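Here's the structure, in C-alpha cells; my notes come after.
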Amino acid sequence: MAADRRPRPTIVQPGGGTALDFGASGVASVMLGGEQTGGTLAVIRTPVAPGPGPAPHVHALEDELFLVVEGRISYLVDGRWTAVGPGGVVYLPRGTPHAYRNDGAAPALHWLLTTPAGFERFFARLAAEPVGASGPDPERVVALMRDHGLTLADAAPG
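The opening residue of the sequence shown carries number -15 in our numbering; numbering runs sequentially from there.
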C-alpha cells in the first residue's frame, strides 16, 4: 500500500527536525519535508559558512525561497551578485541559474523553502557523502544533482 501523502498539521520546535551535518559548513535542519506536507513543501534551516557556497546551478523540479535570518549572504541571480541582509527574501523559480556565498567573516543563516518538496532528499544524500581533504567527490555530487533534477550552470562572475 502506498504511503499516506496527505499534508498533516505539524509543529517542530527550535532544535528539532532532522539534522544534516555538513562538517565545516555547519549543521542544516530539515524542519519539514514531503512526509509532513504531502509533498507540497520542504523547509530547511541552513547555515552558510564564510566563503563560497554551492556552484552556480539550476533546479528543474522545485522553486526556492530563501529567507535571510543572520549575516549577509550574496546571491547570484541574472548574472550579478546581490548582498541580502537579515529580513531579506530571495525567490528563485525553477529553471533560474543561481548560487550563493557568505562574503562575511562570521557564519550566516537562511531558511530555504522549496515547492514542491523533494529537495530535502538531495540535501540528506549530500550530507551522507564521504568527505575527503578537499570536500566530497565532485563526480559523486554531480551524479546526485542529476538524480534530483539539478544541473550545473555556467561559471559565475566574481
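All residues carry an ideal CB built from backbone N, CA and C; glycine is no exception.
These numbers come from a predicted model, not from an experiment.
Asked	Found
Cβ contact (3+ pairs, closer than 8 angstroms) linking the stretch 66 to 77 and the stretch 43 to 54	yes
Nearest residue (CA-CA) to T80, options D131, G(-1) and H43	H43
Straight-line Cα distance separating H41 from L136	4 angstroms
6 angstroms CB neighbourhood of L25 in its chain, flanking five on each side removed	T99 and A101
Inside the stretch 29 to 71 only - beta strand (DSSP E) runs reaching at least 3 residues	41 to 43, 47 to 54, 57 to 61 and 64 to 68
Beta-carbon proximity of L60 to H82, cut-off 9 angstroms	yes
Residue nearest to S13 in terms of C-alpha spacing, selected from A112, E113, E104 and P(-9)	E104
Contact check, V27 vs V52, beta carbons under 9 angstroms	no
Beta-carbon proximity list for R(-10), same chain, < 7 angstroms, skipping 5 on both sides	G22
Whether G18 touches T2 by CB criterion (9 angstroms)	no
Separation of P(-7) from M129, as counted between CA atoms	30 angstroms
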